[in-house]
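J.: Numbering (the numbering used here), first residue to last: 9 to 534.
Input: one structure, supplied below.
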Ligand code: XMP
């Protein structure tokens, strides 16, 4: 059973809708808009949400909401395009609006209803069409300056629709509206909590694996760590976890991973010190793609060797999460599918045949983190920022040597500790800074690190001229890592970090701060 089904009509916010529903502790899944009715109804949903989308509903070929959705007796909420699709299918009329309405709109709800409180509230609109005629049985309960029809409903049939986007941060009352829909109107039980997720997941893994052996490769990243910890909770000693220290991790990271898994969680843990072999293969290599290739290849060879040593366990843990599933439009796929290889932890051998255990397949990143905390992983591991698979090799521009890696590690630790102390190692959403200035950049950083440049700069220390390397500091704000802006860090913090780096890190005499956005730059330097 899936309490809430979200039918995707092509909304750019589709994952956000699902996350907002899950934040009400109600489980939901996204399905394509044209999923066969029997497949949707087989999930026995307590409610259906039909999403926004880029089309105009009256144009030929635009996706339409099938009549069964409204005839099934299941409560339905339409959002933006979902409202228009609902209106058109049920016999109302949608036409182009005189002007597009995009951005903040203050709506006024003037009729008592189960979805929205009376009075005004700030919402976010993005539409170019409007409702001309409502379908029979519907009433309009809300309006904005530009939109006469902002929220409609037929409470007798439990059909609701809003023109604005309750799922975005710019609609502060959105979460409460979604709670009213999924909990009050649909009657979904808010029981989707970290503990219930863990319990269900543990049961599923036990049922599937039986007494077979399971292998996991842990990278120190959030997903692979939480996946391994969950599987360990389910099957205990049947799990063997491999951790490859490639020498390309940040200061103290390998020690923390080993400490957490072997000492703290008691996992049968196999740390492999492969620093020398990685550095050997990387010697003299300066091309970024060649570095990536070498690191991927090395990882595979070591993994292969270890898997053989451990008697080739039939099951392999993968840290695939729900956004990966949605983005590859594999929603609803068979969870026990067998694949030959997958490249989660830097690539696995083509010819190794594992059955996959993917305990995070239904979870968003924030849910993975909540589960990680509930299962006892340390906060530093659960909340860490993304870190690329090839590690510091792609932040140590030019040749990768132990000496240069140590230099980079020291500078990176100074920068990230300073950010951590100032509570800037995560993003503070703009909604925290009220809606007074909606263009204010978010505070904090989604990813922050140091880069060692392959140039030498002139400096002066004491009476001596120096000729040493340059550290670039990079900190960005982003939601999706596809586009990013440089973080507006406090100048005083940058000044302190710069001083500390040139004073304490041997071989560095200059620090610069990267002020390019993505695009045109990327987040990493290579
Ligand atoms: P870019 O530099 O492309 O980075 O703007 C976007 C996000 O991807 C991460 N990244 C990588 N992750 N292997 C990874 O696992 C890689 O080769 C790699 N290159 C970039 C980067 O850290 C950022 O979060």
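Note that beta-carbon positions come from the ideal geometry of N, C-alpha and C, so glycine has one too.
Quick caveat, the model's predicted, so the values are computed rather than measured.
If you drop the 5 nearest sequence neighbours on each side, which residues of the same chain put their C-beta closer than 7 Å to that of residue 38?
T.: Taken in chain order, the residues that qualify are 14, 16, 22, 26, 334, 339.
J.: What are the start and end residues of each continuous alpha helix (DSSP H) run of 4 or more residues lying completely inside the segment 401-475, in chain order?
T.: Runs of the alpha helix (DSSP H) inside the segment 401-475: 410-429.
J.: Among residues of its own chain, excluding the 5 on either side of residue 174, which ones have a beta-carbon nearer than 6 Å to its beta-carbon?
T.: For residue 174, where only same-chain residues beyond five positions count, the Cβ hits under 6 Å are 182, 185, 186.
J.: Cβ of residue 326 within 8 Å of Cβ of residue 198?
T.: No, the Cβ-Cβ distance between residue 326 and residue 198 is not below 8 Å.
J.: Nearest-angstrom Cα distance between residue 353 and residue 233?
T.: Reliability fails at residue 353, whose pLDDT of 40 lies under 50, so the model's placement of it is uncertain and the value that follows must be treated cautiously. Using only the alpha carbons, I get a separation of about 11 Å.
J.: Taking the straight line between their C-alpha atoms, what separation do you get for residue 176 and residue 19?
T.: Near 12 Å, if we compare the C-alpha coordinates of residue 19 and residue 176.
J.: What residue does the beta strand (DSSP E) around residue 127 start on, and which one ends it?
T.: First-last of the beta strand (DSSP E) with residue 127: 127-141.
J.: Suppose the cutoff is 8 Å on Cβ atoms and the five residues either side in sequence are ignored; what does the same chain contact list for residue 268 look like?
T.: 233, 385, 386, 389.
J.: Is residue 306 near the ligand XMP, in the sense that its beta carbon is under 7 Å from a heavy atom of that ligand?
T.: The answer is no for residue 306.
J.: Helix, strand or coil for residue 233? Go by DSSP, reduced to three states.
T.: Residue 233 falls in the helix class under three-state DSSP.
J.: Grab me the residues of residue 264's own chain with a C-beta within less than 8 Å of its C-beta, minus the 5 sequence neighbours each way, in chain order.
T.: Within the same chain, residue 264 has close Cβ partners 228, 386, 388, 389.
J.: Between residue 532 and the ligand XMP, is the CB less than 7 Å from at least one heavy atom?
T.: Residue 532: yes, Cβ under 7 Å from the ligand XMP.
J.: Nearest by alpha-carbon distance to residue 273: which of 257, 247, 252 is it?
T.: For residue 273, the nearest C-alpha among the options comes from 247.
J.: Please tell me whether, using a cut-off of 7 Å, the distance from the CB of residue 300 to the nearest non-hydrogen atom of the ligand XMP is below it.
T.: Answer for residue 300: yes, Cβ within range of the ligand XMP.
J.: Is the distance from the Cβ of residue 534 to the Cβ of residue 402 below 8 Å?
T.: Yes; because the gap between Cβ atoms is below 8 Å, this pair is in contact.
J.: Rounded to whole angstroms, what is the Cα-Cα separation between residue 367 and residue 499?
T.: So the two alpha carbons sit approximately 43 Å from each other.
J.: Cα separation between residue 129 and residue 456?
T.: About 36 Å.
J.: Assign residue 531 to one of three DSSP states: helix, strand, or coil.
T.: Three-state result, residue 531: coil.
J.: Between the Cα of residue 157 and the Cα atoms of 117, 394, 75, 284, which residue gives the shortest distance?
T.: Closest by alpha carbon: 117.
J.: Since residue 308 is in the alpha helix (DSSP H), which residue starts that stretch and which ends it?
T.: That run of the alpha helix (DSSP H) goes 296-317.
J.: Report the residue from 60, 30, 56 whose alpha carbon sits nearest the alpha carbon of residue 75.
T.: For residue 75, the nearest C-alpha among the options comes from 56.
J.: What is the DSSP secondary structure of residue 192, counted as helix, strand or coil?
T.: Correct three-state label for residue 192: helix.
J.: How about residue 514 and residue 392: are their beta carbons less than 8 Å apart?
T.: Result no, Cβ atoms of residue 514 and residue 392 do not sit closer than 8 Å.
J.: Taking all protein chains shown into account, do 16 or more other C-beta atoms lie within 10 angstroms of the C-beta of residue 242, making it buried, or fewer, making it exposed?
T.: Residue 242 comes out buried.
J.: If contacts are defined as beta-carbon pairs under 8 Å, then residue 483 and residue 497 qualify, I think. What distance do you get, rounded to the angstrom?
T.: The Cβ separation is near 6 Å, so the contact holds.
J.: Starting from residue 107, trace the beta strand (DSSP E) both ways and give me its first and last residue.
T.: Residues 101-117.
J.: DSSP on residue 329, reduced to helix/strand/coil?
T.: Residue state, collapsed to three classes: coil.
J.: Could you pull out every residue in the same chain whose Cβ sits closer than 6 Å to the Cβ of residue 295, ignoring the five residues on either side in sequence?
T.: So no residue of the chain qualifies.
J.: Is it buried or exposed for residue 132, if we count other Cβ within 10 angstroms and need 16 for buried?
T.: Buried, because 16 or more other Cβ atoms sit within 10 Å of the Cβ of residue 132.
J.: Would you give the residue range spanned by the alpha helix (DSSP H) that residue 37 belongs to?
T.: Counting along the chain, residue 37 falls outside any alpha helix (DSSP H), though it belongs to the beta strand (DSSP E) covering 36-40.
J.: I'd like to confirm something about residue 450: is its beta-carbon nearer than 7 Å to some heavy atom of the ligand XMP, or not?
T.: Because no heavy atom of the ligand XMP lies under 7 Å away, the Cβ of residue 450 does not count as near it: no.
J.: Pick out whichever of 191, 394, 147 has its Cα sitting closest to the Cα of residue 258.
T.: Out of 191, 394, 147, 394 has the C-alpha closest to the C-alpha of residue 258.
J.: Once the 5 residues before and after residue 134 are set aside, which same chain residues still bring their CB inside 6 Å of it?
T.: So the list reads 110, once near-sequence residues are dropped.
J.: Is any non-hydrogen atom of the ligand XMP found closer than 7 Å to the C-beta of residue 397, if you look at the structure I gave you?
T.: True, at least one ligand heavy atom lies under 7 Å from that Cβ.
J.: Across the segment 135-152 and the segment 92-110, are there enough close Cβ pairs to call them in contact, namely three or more that are closer than 8 Å?
T.: Flag = yes, the segment 135-152 and the segment 92-110 touch.
J.: Quick check on the DSSP output: the beta strand (DSSP E) that includes residue 85 runs from which residue to which?
T.: That run of the beta strand (DSSP E) goes 84-87.
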